[in-house]
Amino acid sequence: MIAEFSIVPVGAGVSLSPFVAECLKIVRDSGLKHQLTPMGTVLEGDGGKVMATIMTCHFQVLRMSERVVTSIKID
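Below, the structure written as structure tokens:
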């Protein structure tokens with residue numbers, strides 16, 4: 605599976621660096637092939653592991669903010 609995702613914390617202010625850093629750590633620890641782009645992150649690998657990694661990122665950002673919007677494109 606190839607998936608591109610982006611996570612946006614709602615009401616978190618202008619700087620998203622802390623959120624990106626947390627998600628990048630999760631993605632790197634997943635062992636999946638990945639690419640960080642200006643508009644999102646691309647993951648490639650087993651479908652279950654890809655979706656689990658995205659959900660882990662989503663819930664980590666949710667711990668850091670009150671509301672989160674996650675967009676996913678899957679091929």
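Just so we're on the same page, my numbering is the position in the sequence shown counted from 1, plus 604. The beta-carbon is built from N, C-alpha and C at its ideal position, and this holds for glycine as well.
6 Å CB neighbourhood of residue 642 in its chain, flanking five on each side removed = Counted from its first residue, the sequence shown places residue 642 at position 38. There are no such residues.
Using alpha carbons as the reference points, say which of 605, 645, 609 and 622 lies closest to residue 667.
-> Residue 667 sits at position 63 when you count from the first residue of the sequence shown. It is 622.
Does the distance from the C-beta atom of residue 653 to that of residue 675 stay below 8 Å?
-> Residue 653 sits at position 49 when you count from the first residue of the sequence shown. Residue 675 sits at position 71 when you count from the first residue of the sequence shown. It is not a contact, given that the beta carbons lie outside the stated cut-off.
Taking only the alpha-carbon atoms, compute the straight-line gap between residue 628 and residue 609 and give it to the nearest angstrom.
-> Here residue 628 refers to the residue found at position 24 when the sequence shown is read from its first residue. Here residue 609 refers to the residue found at position 5 when the sequence shown is read from its first residue. Taking the straight line from one Cα to the other gives about 12 Å.
Residues that residue 666 bridges to, as DSSP identifies them | Walking along the sequence shown from the start, residue 666 turns up at place 62. The partner list for residue 666 (beta bridge, DSSP) is empty, contrary to what the question assumes.
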